[in-house]
Amino acid sequence: MQVDIESDGRILAAYLHRAQKPQNTQGNTVLVAAFGTPVGTNIFDRGHLDSELAERLSNATNSNCISVSLSGVGNSGGTFSLSNWTNDLVRVVEYAMKEELGSRVVLVGYELAAISVVMAAIASGSVAGVASIDPALYIFEEDFDPESYIKLLEGFKVNVKATTAASFHAEIASIDTFEEVKMLGDKPWMIIVAQERTESNLRVSRELVASAQRAELHRIIAAGDGLRADPRVMAIFMGWYDREF
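Be aware that the sequence shown starts at 3, since it is given in my numbering, and climbs by one per residue.
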């Protein structure tokens, strides 16, 4: 079902899919997932994508699942920024706990949101683990062009009115990736990387995994955007989820 979640004055469009075989939520895990930025021809169908993701994850894990469009994306209010996205995810976690959907949360993020879920996991004590699928680690490369990326988001109908190249670059620069992942502590973190991504993206992924206490890296041959519907992603995720939770 569709739900609206408040995040610092912004209303986020989200979908909640409840477990088909309900259990006592005490000790159960609730999933919170975010695709992040739109891709290709699916940009005008955000609601369907979020609903489908929530249903797929919920049915696979027999867990309650919320899939959310983050600030500035789809029918969600607000404007895009990394800090907004992190705060959004923290608020969704709080919503899940308030509604007693489970006693702990696992975050799942794709592409740029794959970075935001890590930041939210650090900020929230209710998060028990995090999965980053095709993380957009290229934003930390020296030749990354924030202005071009913002224009790309604008073309995808993301609300970027309050975001400048300078502010986006400043947000990226404020993230010390290797120190941040250490703050995950013993929370399990799983990364899936598309082999077609840059060698730098893969190298940084390996280095981040080495910096974290409980992280594992999986690499599959696939085009980056294709990971959103790749059945191998679900298989890898389920193997990790079953081991850890």
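Every residue gets a Cβ at the ideal spot worked out from N, C-alpha and C, and that includes glycine.
All values derive from a computational prediction rather than experimental measurement.
| Check | Outcome |
| --- | --- |
| For L14 and V3, believed in contact at Cβ under 8 Å, the rounded distance | The sequence as given places Met at residue 3; Val does not occur at that position. Between L14 and M3 the Cβ distance is about 15 Å, and since that is not below 8 Å, they are no contact. |
| Contacting residues, own chain, Cβ-Cβ under 8 Å from V107 (five flanking each side not counted) | T31, V32, L33, V34, V95, A98, M99, S126, S128, V129 and A130 |
| Distance between F142 and S169 (C-alpha atoms, nearest Å) | 14 Å |
| Short Cβ contact (8 Å threshold) for A212 with W191 | no |
| Sheet register partners of R2 (DSSP bridge) | This structure cannot settle anything about residue 2, because the visible part of the chain is limited to 3 through 247. |
| Endpoints, the alpha helix (DSSP H) within which M99 is located | L84 to K100 |
| Alpha-carbon to alpha-carbon, A116 and L154 | 18 Å |
| Whole-Å CB distance - F82 paired with V160, under 8 Å assumed | 5 Å |
| Pick from V235, V119 and G157 that is closest to I223, judged by C-alpha positions | V235 |
| Rounded separation between L267 and T39 - CA only | Missing from the structure shown is residue 267; the chain here goes from 3 to 247 and no further. |
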